[in-house]
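For reference, each letter of the sequence shown is one residue, going 1 to 105 in full-length UniProt numbering.
For glycine and all other residues, C-beta sits at the position ideal for the given N, C-alpha and C.
These notes concern the structure reproduced below.
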Amino acid sequence: MENFILYEEIGTGRKSVVYKGRRKGSINFVAIVCSDKSKRHEITNHVRLTHDIKHENVVTFYEWYETRNHLWLVVELCTGEMLIWYCKNTIVTVCQPFTFTFHKV
């Protein structure tokens, strides 16, 4: 983890803390997740599942590190509002109901 600079804490979980950070010598920010080693099984599964996924709607996984007491994940930093806030504060309206028409072929 000596290659990264940690900035402010941007989130917490039961056994994890998420920091805004960046790689030394880079101007690109990332999210750095610091997890307790007791979550090794979950973290390993997460890494295995997201390592090769490249999609605009999925947070990009970059790399991970292990230190004496923690597992560290480096992932894409997503800025903006939290999804739960957006879901709770958005009114969904339906302008016109869908109509299905079946034709004999």
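Around the beta-carbon of residue 80, fewer than 16 other beta-carbon atoms lie within 10 Å, marking it exposed. Rounded to the nearest angstrom, the gap between the Cα atoms of residue 65 and residue 88 is 35 angstroms.
Looking at the DSSP output, residue 5 bridges to 22.
Of all C-beta pairs linking the stretch 70-80 to the stretch 34-52, three or more are shorter than 8 angstroms, placing the two stretches in contact. Assignment of residue 56 by DSSP, reduced to helix, strand and coil, places it in the coil class. When the beta-carbon positions are compared, residue 43 and residue 21 stay at least 8 angstroms from each other. The C-alpha of residue 24 lies about 18 angstroms from the C-alpha of residue 18. In the three-state reduction of the DSSP assignment, residue 67 falls in the coil class.
DSSP places residue 73 within a strand segment (E or B) once states are collapsed to three.
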